[in-house]
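Here's the structure we're looking at; comments come further down.
Number of protein chains: 2
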Amino acid sequence: MPTVEFWFDFASTYSRLAAARIETAAAAAGVAVIWRPFLLGPIFAAQGWTTSPFVTQPAKGGAMWRDVERQCAALGLPFVRIEGFPRNGLLAARLALVADESGAVAPFARAVFEAEFGAGRDIADRTVLADLLADVGLDPEACFARAASPEIKARLRAAGDEAGTCGLFGAPSFVTADGEMFWGADRLDQALDWAVHGRLCRRTVAPTGETP
Amino acid sequence: MPTVEFWFDFASTYSRLAAARIETAAAAAGVAVIWRPFLLGPIFAAQGWTTSPFVTQPAKGGAMWRDVERQCAALGLPFVRIEGFPRNGLLAARLALVADESGAVAPFARAVFEAEFGAGRDIADRTVLADLLADVGLDPEACFARAASPEIKARLRAAGDEAGTCGLFGAPSFVTADGEMFWGADRLDQALDWAVHGRLCRRTVAPTGETP
Numbered sequence: 000m001p002t003v004e005f006w007f008d009f010a011s012t013y014s015r016l017a018a019a020r021i022e023t024a025a026a027a028a029g030v031a032v033i034w035r036p037f038l039l040g041p042i043f044a045a046q047g048w049t050t051s052p053f054v055t056q057p058a059k060g061g062a063m064w065r066d067v068e069r070q071c072a073a074l075g076l077p078f079v080r081i082e083g084f085p086r087n088g089l090l091a092a093r094l095a096l097v098a099d100e101s102g103a104v105a106p107f108a109r110a111v112f113e114a115e116f117g118a119g120r121d122i123a124d125r126t127v128l129a130d131l132l133a134d135v136g137l138d139p140e141a142c143f144a145r146a147a148s149p150e151i152k153a154r155l156r157a158a159g160d161e162a163g164t165c166g167l168f169g170a171p172s173f174v175t176a177d178g179e180m181f182w183g184a185d186r187l188d189q190a191l192d193w194a195v196h197g198r199l200c201r202r203t204v205a206p207t208g209e210t211p
Numbered sequence: 000m001p002t003v004e005f006w007f008d009f010a011s012t013y014s015r016l017a018a019a020r021i022e023t024a025a026a027a028a029g030v031a032v033i034w035r036p037f038l039l040g041p042i043f044a045a046q047g048w049t050t051s052p053f054v055t056q057p058a059k060g061g062a063m064w065r066d067v068e069r070q071c072a073a074l075g076l077p078f079v080r081i082e083g084f085p086r087n088g089l090l091a092a093r094l095a096l097v098a099d100e101s102g103a104v105a106p107f108a109r110a111v112f113e114a115e116f117g118a119g120r121d122i123a124d125r126t127v128l129a130d131l132l133a134d135v136g137l138d139p140e141a142c143f144a145r146a147a148s149p150e151i152k153a154r155l156r157a158a159g160d161e162a163g164t165c166g167l168f169g170a171p172s173f174v175t176a177d178g179e180m181f182w183g184a185d186r187l188d189q190a191l192d193w194a195v196h197g198r199l200c201r202r203t204v205a206p207t208g209e210t211p
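Have a look at this one:
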């Protein structure tokens, strides 16, 4: 079965849009999804940035929130323009790696994203995360203990190093088995197309209503 | 008839992708296109940038070229990874305003973009531009003279000021009659959808193969 690596950062609004629909879209395409949590912060820091371009560039940031609001409305997803963007996703990312050890990374990650951007909850808050872990059938205290282990901390750092080595510079990004990289939630369908066909079929980029 | 303003910069690879298909897509949607040439340079300069983020951020730049190459292949467009990106589009932009006075902005702009990104020609070169003007039925010398007039120079500066006031920060951007702004070639279909319906219809964002 073809695969696509789905690289996501819990602070990322567009990662949430991709997370909300990747499993349905991948199943329809016959592609298996490998969920890859990572932190964009170190990649931004390596460029001398201290926060998101959506914060340092106000016009771009305002357009991003409006765009995400429109996408959510079209997809039938709840939308909250959260305060304190970007939120600290370090603990959530470590917990996603823990959840992955139980095969629960997908439902946990979706739960985190929906809590954050659909309900406006603080994903840096352990009580919020404990609720979400329990909701997907995991033991919160065991997960927190495992998340604090050297193994999990090292694994998240290694994921960040791998992301940098692969040339990832934003989230979400999608990487197919042949190493093709796609950036942005609006490239999800093309990444799936590539995973299956090794190229883009025209239908995925043709204008609406036009026969390619 | 609903309208969409299509703001483009001749140095922009994604503006070219939008220019190549906007008229077909807009006609299918029943939307009239208002072509709005402008220069991103002053908007970048206002943020302290001296060139494109695709140059200052090499990972992002490399991904952009690969992405554009994929989109071109899928759309059946020729692709050249040009040297010296971003090219100087000042004279071409002034000439686009001149062409607009004869109702020829659309064919002239498309010709410039295809010469630049499809054939690798230098759009800052007057002999190249003269060929393109003649190709779309305009008198090159008359157009160059008009492009050097205070009126045309002022009109291009005013377009840049308007872009900044509207919160445009990149190209292409699309603005509907009710003031909704969309950034990026991959938002073209959504902008047309908004122009017609005042909202996004789900089909334009639903995953490939999924019934929304």
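Residue numbers (numbering that gives the first Met the number 0), protein chains in the order written: chain A, 0 to 211; chain B, 0 to 211. Idealized CB from N, CA, C, for every residue including glycine.
request  = Report the three-state DSSP secondary structure of M180/A (helix, strand or coil).
outcome  = Here residue 180/A refers to the residue found at position 181 of the first sequence. Three-state result, M180/A: strand.
message = Within a Cβ cutoff of 6 angstroms, which residues of the same chain sit near S11/A, ignoring the five residues on either side of it in sequence?
response = By one-based count along the first sequence, residue 11/A stands at place 12. If we look at S11/A and ignore the five residues flanking it on each side, its Cβ neighbours are A170.
inquiry  = Quick check: is the beta carbon of F168/A nearer than 8 angstroms to any beta carbon in chain B?
reply    = If you number the first sequence from 1, residue 168/A lands on position 169. Taking Cβ atoms only, chain B reaches closer than 8 angstroms to F168/A, which makes this a yes.
request  = Under 7 angstroms Cβ to Cβ from V123/A, same chain only, skipping five residues before and after it: list those, please.
outcome  = Along the first sequence, read from residue 1 onward, the residue named residue 123/A stands at position 124. For the record, residue 123/A in the displayed sequence is Ala; it is not Val. Cβ within range, chain order: R86, N87 and L90.
query = With a cut-off of 8 angstroms, does the C-beta of A118/A fall near any C-beta of chain B?
reply = Looking up residue 118/A in the first sequence gives position 119. Not one chain B Cβ lies under 8 angstroms of A118/A.
task = Output, in chain order, the set of chain B residues within a Cβ distance shorter than 8 angstroms of F58/A.
result = Residue mapping note: residue 58/A aligns to position 59 of the first sequence, counting from 1. Correcting the residue identity first, residue 58/A is Ala in this sequence and not Phe. Per Cβ cutoff of 8 angstroms: G166, L167 and F168.
ask   = Hey, is the region 153–161 of chain B in contact with the region 133–142 of chain B, meaning 3+ C-beta pairs nearer than 8 angstroms?
value = no
request  = Whole angstroms is fine: what's the gap from R125/B's alpha carbon to D8/B's?
outcome  = The sequence position of residue 125/B within the second sequence is 126, counting from 1. The sequence position of residue 8/B within the second sequence is 9, counting from 1. Each residue's Cα considered, the two are about 18 angstroms apart.
inquiry  = Does any residue of chain A have a CB that is nearer than 8 angstroms to the CB of R109/B?
reply    = As a position in the second sequence, residue 109/B is number 110, starting the count at 1. Closer than 8 angstroms: no.
query = Looking only at C-alpha atoms, which of G61/B, L38/B and F43/B sits nearest to A58/A?
reply = Residue numbering aside, residue 58/A sits at position 59 when the first sequence is read from its first letter. Looking at the Cα atoms, F43/B is the closest of the given residues.
inquiry  = So, for I33/A: in the same chain, excluding its five sequence neighbours on each side, which residues have a beta-carbon less than 8 angstroms away from its beta-carbon?
reply    = Start at 1 with the first residue of the first sequence, and residue 33/A comes out as number 34. Same-chain partners within the cutoff: T2, V3, E4 and F5.
ask   = Does DSSP put S51/A in a helix, a strand or coil?
value = The count along the first sequence starts at 1 and reaches residue 51/A at position 52. Reduced to three states, the DSSP call for S51/A is coil.
key: Partner residues on chain A for D185/B, Cβ-Cβ distance less than 7 angstroms   = As a working mapping, residue 185/B is identified with position 186 in the second sequence. Here the neighbours are D185.
ask   = Where does A31/A fall in DSSP's three states?
value = Locating residue 31/A in the first sequence gives position 32, counting from the first residue. Looking at A31/A - three-state DSSP - the assignment turns out to be strand.
key: Given 8 angstroms, three or more beta-carbon pairs between the region 46–54 of chain A and the region 71–85 of chain A   = yes
query = Hey, quick one: how far does the alpha helix (DSSP H) through E113/A stretch, first residue to last?
reply = Reading the first sequence from its first residue, position 114 is the one you call residue 113/A. Here E113/A belongs to no alpha helix (DSSP H), and DSSP marks it neither H nor E.
key: Segment limits, alpha helix (DSSP H) that includes F37/B   = Residue 37/B sits at position 38 when you count from the first residue of the second sequence. Run containing F37/B: none; DSSP gives neither H nor E here.
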